[in-house]
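One structure is given here, and the rest of the page talks about it.
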Amino acid sequence: MLSPRSVLITGANRGIGLELVRQFLQLETPPRHVFATCRCPDKAEDLHTLAKSSSAVSVLKLDVSVPASFPRAREEVEVILQGSGLNLLINNAGTIDRADLSSVTVESMQSLYLTNTIGPLFLAKELLPLIQKAAKASPGQPMSCSKAAIVNMTSKVGSMADNRSGGRYPYRISKAGLNMVTKNLSVDLMSDDILSTSLHPGYVKTDMGGPSALITAEQSVQGMLTVMAGLNTETNGLMLDYAGKIIPW
Ligand code: NDP
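Under full-length UniProt numbering, think of the first position of the sequence shown as 1, with each following residue one higher.
In structure tokens form, the structure reads like this:
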């Protein structure tokens, strides 16, 4: 069963992130705290509507491409948690740039690397003391997303084994880098009992996926919550899709 006491989601104002917030609130045991973060809270109308329906939701400003702003966000989270730890960080925010070999630029590579790879790593680093605190609160319990975990929203497009069509340099490389962040964290944080896993949400009908994508955000998130419920030591440091299938790096 998935029952983290607290979860922080980036890019929660639309798409998969918004649906994650919605479905976390519908769990049998919903979190006491859902930190729904986004870069423009003033414009996050759907999120504010959800926040009105549940006192668990805190809408916080967080731009993952500005690591210098992470300490302020962490302080806000700490105040709300009142001494308890953070069970689950979902690095969901991401951007896409499909530039091919002829159009890729230094700027497009740097921009995607910052948002999709550097941001998730440094946010995990910033929130680590809170995640460690959550892990210590249930000594002896096996690793799980309810205890202490970092879930990075990756893409199959970042898999080297799956790459048969080339192109999409900035996006592919930023997600491949994110996968190494996952793997490294899984090794470094194993002794702290903190899980680290990459999830591929499927090809999802969002602004990013577009209308011809294969599944809705609702289906994707339903699948991912089931997968998160089952994550354990065996799936630590792997990439899985929303149906629970392991994707080779
Ligand atoms: P959307 O484009 O619908 O939403 C992207 C979200 O990320 C928005 O909330 C956006 O906020 C946020 N975001 C972008 N840049 C930043 C930033 N610098 N700081 C904070 N938030 C930011 O995408 P999806 O919901 O489809 O994608 C969610 C994740 O799933 C991404 O990581 C994506 O790579 C991954 N994914 C999606 C697939 C799909 O088919 N849709 C397939 C594989 C992976 P804002 O509104 O402010 O721009």
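Don't be surprised by glycine CBs; every beta carbon is placed ideally from N, CA and C.
None of these values were measured; they are calculated from a predicted model.
Examine the ligand NDP and report whether any of its heavy atoms sits within less than 6 Å of the Cβ of Asn-163.
Along the sequence shown, one-based indexing puts residue 163 at 163. With a cut-off of 6 Å, the C-beta of Asn-163 is classified as distant from the ligand NDP, since no heavy atom of the ligand falls inside that distance.
What residue range is occupied by the uninterrupted alpha helix (DSSP H) comprising Val-221?
Within the sequence shown, the letter at position 221 stands for residue 221. Run containing Val-221: 217-230, per the alpha helix (DSSP H) assignment.
Taking all protein chains shown into account, do 16 or more other C-beta atoms lie within 10 angstroms of the C-beta of Gly-166, making it buried, or fewer, making it exposed?
Counting from 1 along the sequence shown, the entry for residue 166 is found at position 166. Label assigned to Gly-166: exposed.
Out of Ser-159, Arg-168 and Glu-234, state which residue places its alpha-carbon closest to the alpha-carbon of Leu-104.
Within the sequence shown, residue 104 is the residue found at index 104, counting from 1. At residue 104 the sequence reads Val, which differs from the Leu that was named. Among Ser-159, Arg-168 and Glu-234, the Cα nearest to that of Val-104 belongs to Arg-168.
Would you say Ile-16 touches the ligand SAH, meaning its beta carbon is less than 6 Å from a heavy atom?
Ligands displayed in this structure: the ligand NDP; the ligand SAH is not among them.
Let's see if you can read the secondary structure: which residues bound the beta strand (DSSP E) around Ala-149?
Translated into the one-based positions of the sequence shown, residue 149 becomes position 149. Looking at the DSSP string, the run of the beta strand (DSSP E) that includes Ala-149 is 149-153.
Mind listing, in chain order, the continuous alpha helix (DSSP H) runs of no fewer than 4 residues lying wholly within the segment 44-96?
Correct list: 45-53 and 70-81.
Quick one: grab the DSSP three-state call for Ile-247.
In the sequence shown, counting from the first residue as 1, residue 247 sits at position 247. DSSP places Ile-247 in the coil class of the three-state scheme, outside both helix and strand.
Residues of its chain near Ile-96, where Cβ-Cβ distance is below 6 Å and the 5 sequence neighbours each way are ignored
If you number the sequence shown from 1, residue 96 lands on position 96. Tyr-171 and Met-208, listed in sequence order.
Thinking just about the alpha-carbon of each residue, which of Phe-70, Asn-92 and Glu-78 is nearest to the one in Val-21?
For the purposes of this step, residue 21 is taken as residue 21 along the sequence shown, with counting starting at 1. Ranked by Cα distance from Val-21, the first of Phe-70, Asn-92 and Glu-78 is Asn-92.
If we call anything under 7 Å between Cβ atoms a contact, is Ala-149 one with Leu-114?
Indexing the sequence shown from 1 puts residue 149 at position 149. Indexing the sequence shown from 1 puts residue 114 at position 114. Taking 7 Å as the Cβ cut-off, Ala-149 and Leu-114 do not qualify as a contacting pair.
Confirm the yes/no value for this check: CB of Arg-39, any heavy atom of the ligand NDP, distance under 6 Å.
In the sequence shown, counting from the first residue as 1, residue 39 sits at position 39. With a cutoff of 6 Å, Arg-39 counts as near the ligand NDP, since its C-beta is closer than that to a heavy atom of the ligand.
Can you give the Cα-Cα distance for Phe-35 and Thr-182, rounded to whole angstroms?
Along the sequence shown, read from residue 1 onward, the residue named residue 35 stands at position 35. Along the sequence shown, read from residue 1 onward, the residue named residue 182 stands at position 182. CA-to-CA, the gap between Phe-35 and Thr-182 works out to about 21 Å.
Limits of the unbroken beta strand (DSSP E) element including Ile-9
What you label residue 9 is simply residue 9 of the sequence shown in a count that begins at 1. Ile-9 -> beta strand (DSSP E) spans 6-9.
Can you give the Cα-Cα distance for Ala-217 and Thr-206, rounded to whole angstroms?
Numbered from 1 along the sequence shown, position 217 holds the residue referred to as residue 217. Numbered from 1 along the sequence shown, position 206 holds the residue referred to as residue 206. Straight-line Cα distance between these residues: approximately 7 Å.
Within 10 angstroms of its Cβ, does Val-79 collect 16 or more other Cβ (buried), or is it exposed?
Taking the sequence shown and counting its residues from 1, the one referred to as residue 79 is at position 79. Exposed.
Smallest Cα separation from Asn-87: which of Asp-193, Ile-246, Gly-223 and Ile-247?
As a first step, residue 87 is located in the sequence shown; it is residue number 87 there, counting from the start. Between Asn-87 and the set Asp-193, Ile-246, Gly-223 and Ile-247, the nearest pair of CA atoms involves Asp-193.
Classification of Asn-152 by the beta-carbon crowding that lies within 10 angstroms, buried from 16 upward:
Indexing the sequence shown from 1 puts residue 152 at position 152. Result: buried.
Which of helix, strand or coil DSSP assigns to Val-34:
Position 34 of the sequence shown, counted from the start, is the residue given in the question as residue 34. Reduced to three states, the DSSP call for Val-34 is strand.
Can you tell me the Cα-Cα spacing of Ser-155 and Ser-53, whole angstroms?
The residue given as residue 155 occupies position 155 in the sequence shown. The residue given as residue 53 occupies position 53 in the sequence shown. Distance between the alpha carbons of Ser-155 and Ser-53: 31 Å.
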